[in-house]
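A quick write-up on the structure given underneath.
2 protein chains.
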Amino acid sequence: METTPAPSKADVCASGPTAHPRPDGQDHYTISEVVAVTGLTAHTLRWYERIGLMPHIDRSHTGQRRYSNRDLDWLAFVGKLRLTGMPVAHMVRYAELVRVGEDTFEERRELLESTRRDVLSRIAELQDTLSVLDFKIDFYAGARRASERA
Amino acid sequence: METTPAPSKADVCASGPTAHPRPDGQDHYTISEVVAVTGLTAHTLRWYERIGLMPHIDRSHTGQRRYSNRDLDWLAFVGKLRLTGMPVAHMVRYAELVRVGEDTFEERRELLESTRRDVLSRIAELQDTLSVLDFKIDFYAGARRASERA
DNA sequence: TGCTTGCTTGGAGTGCACTTCAACGTTCTA
DNA sequence: TAGAACGTTGAAGTGCACTCCAAGCAAGCA
């Protein structure tokens, strides 16, 4: 599987500054440190790399992965995309576009806007289910009150 | 797999009256009619029955399924639960509670309230991702405008 | 020097929610 | 009466997103 190069600052920064566990320059996290920070498993981190969802990850002189602050930012963004329900294949597509460079800004925007539309309709769908749930919950709560009165 | 008995009116009615394709008394839908109404596949309908998510479905004299308006209502409700993201195993649990009867109102209410909480937090999560998406979309849109000016 | 802990790999396994298959029976239309 | 269309079953297969396994290497420590 291909890996993406380290994305540029603008590609990675999410909304607002995020504090990193270590300052730039000393940011050489082992996989288990990344596990602690992200909540992902080491398996998943290696799998992300294998499917091309991660940029190239630095290695120590013994071949162990050393993640950077930038990798952490990318993982945080991927985490957000995951929460949207975006399929991993689409995230990989996005990672490929980042790898290619600035010429793909437009396609990246389209990808995110389509995801945005999906999120909005999913929210609407969920709000729709809420009224059904509330109706039923009220029914059961009403039945309980009635049996307490009896 | 066990099947549930026909749930009582109160167990099934969703929010508001739903028009049925045929009036009560003439409601003997074939599986393909139910496919057309619900959008589920025939496979899925049979699978739902096998795992205990459906009440007992009437059969014609030749053994073919004949669904009733009540079955359609139940399927509509199951569809709503599916949209909430509730796992099928929980829906089966709910169906079991319906089968047992009115003694399970309280547990059913708890199940739905827990689902409701899940839905609310999922909505919040999605709204959170929206701000990240918007931030990135704005960045790419801004880059486009900048390049058009250049 | 051995032991434990952490990391590496490719490949196989898991759980969910269907989905397809094979083989066959029934019903409808020409 | 032929043939298409629709229905039946149990079992196996699919796609997704991980998740686990076996076997082995490397570093730190009693």
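Chains as they are written, first to last, in this note's numbering: chain D, 1 to 150; chain Z, 151 to 300.
Even for Gly, the Cβ is constructed at its ideal location relative to N, Cα and C.
Review point. In chain order, which continuous runs of the alpha helix (DSSP H) of length 4 or greater are located wholly inside the region 11-58 of chain D?
Key: Qualifying alpha helix (DSSP H) stretches, in chain order: 31-38, 42-50.
Review point. D:Glu148 touches chain Z at which residues, Cβ-Cβ below 7 Å?
Key: The contact set of D:Glu148 on chain Z, defined by CB atoms closer than 7 Å, is empty, because the minimum CB distance reaches about 11 Å.
Point to revise | Neighbour list for D:Arg93 in chain Z, Cβ cutoff strictly below 8 Å | key: By Cβ distance, chain Z contributes nothing, its closest Cβ being about 15 Å from D:Arg93, past 8 Å.
Point to revise | N-terminal and C-terminal residue of the alpha helix (DSSP H) that D:Gln64 is part of | key: DSSP places D:Gln64 in no alpha helix (DSSP H); its state is neither H nor E.
Check your understanding: According to the neighbour-count rule (16 or more other Cβ atoms, all chains shown, within 10 Å of its Cβ), is D:Thr84 buried or exposed?
Key -> A residue is called buried when at least 16 other Cβ atoms come within 10 angstroms of its Cβ; D:Thr84 meets this threshold and is buried.
Practice item. Would you verify that the beta carbon of D:Gln26 is, or is not, closer than 8 Å to some beta carbon of chain Z? Key: Cβ-Cβ to chain Z under 8 Å: no for D:Gln26.
Point to revise | Range of the contiguous alpha helix (DSSP H) that encloses Z:Thr265 | key: Z:Thr265 -> alpha helix (DSSP H) spans 255-299.
Review point. So with Cβ pairs under 8 Å, would you call D:Leu130 a contact of chain Z?
Key: Yes, D:Leu130 counts as interfacial toward chain Z.
Review point. When the Cα atoms are used, what is the spatial distance from D:Glu2 to D:Ile51?
Key: Unreliable placement is indicated for D:Glu2, whose pLDDT of 44 sits below 50; no coordinate value is reported for it.
Exercise for review: State the Cα-Cα distance for the pair D:Ile31 and D:Leu133, rounded to the nearest angstrom.
Suggested key: Their Cα atoms are separated by approximately 42 Å.
Review point. Residues of chain D with a CB under 9 Å from the CB of Z:Leu276: which are they?
Key: The contacting residues are Leu83, Thr84, Gly85, Val119, Leu120, Arg122, Ile123, Leu126.
Check your understanding: Are the C-beta of Z:Ala169 and some C-beta of chain D separated by less than 8 Å?
Key -> No, because no Cβ of chain D sits closer than 8 Å to the Cβ of Z:Ala169.
Exercise for review: Look up Z:Met236 in the DSSP assignment and say whether it is helix, strand or coil.
Suggested key: Secondary structure at Z:Met236: coil, using DSSP grouped into helix, strand and coil.
Point to revise | CA-to-CA distance, D:Arg99 to D:Ser60, given in whole angstroms | key: A straight-line Cα-Cα distance of about 23 Å links D:Ser60 and D:Arg99.
Point to revise | Pick from Z:Glu260, Z:Thr265, Z:Thr254, Z:Phe285 that is closest to Z:Leu122, judged by C-alpha positions | key: With chain Z covering 151 to 300 only, the question about residue 122 of chain Z has no answer from this structure.
Practice item. Select from the region 97-116 of chain D all residues with a C-beta closer than 7 Å to any C-beta belonging to chain Z, and list them in chain order. Key: Listed by position along the chain: Phe105, Glu106, Arg108, Arg109, Leu112, Glu113, Thr115, Arg116.
Point to revise | Given D:Gln26 as reference, the closest of D:Ile57, D:Arg46, D:Tyr67, D:Thr62 once Cα atoms are compared | key: Minimum Cα distance to D:Gln26 is reached at D:Tyr67.
Check your understanding: In this structure, does DSSP put D:Arg99 in helix, strand or coil?
Key -> D:Arg99 falls in the helix class under three-state DSSP.
**Study point:** Length of the line joining the Cα atoms of Z:Glu257 and D:Ala143
**Key:** Z:Glu257 and D:Ala143: Cα-Cα distance of roughly 12 Å.
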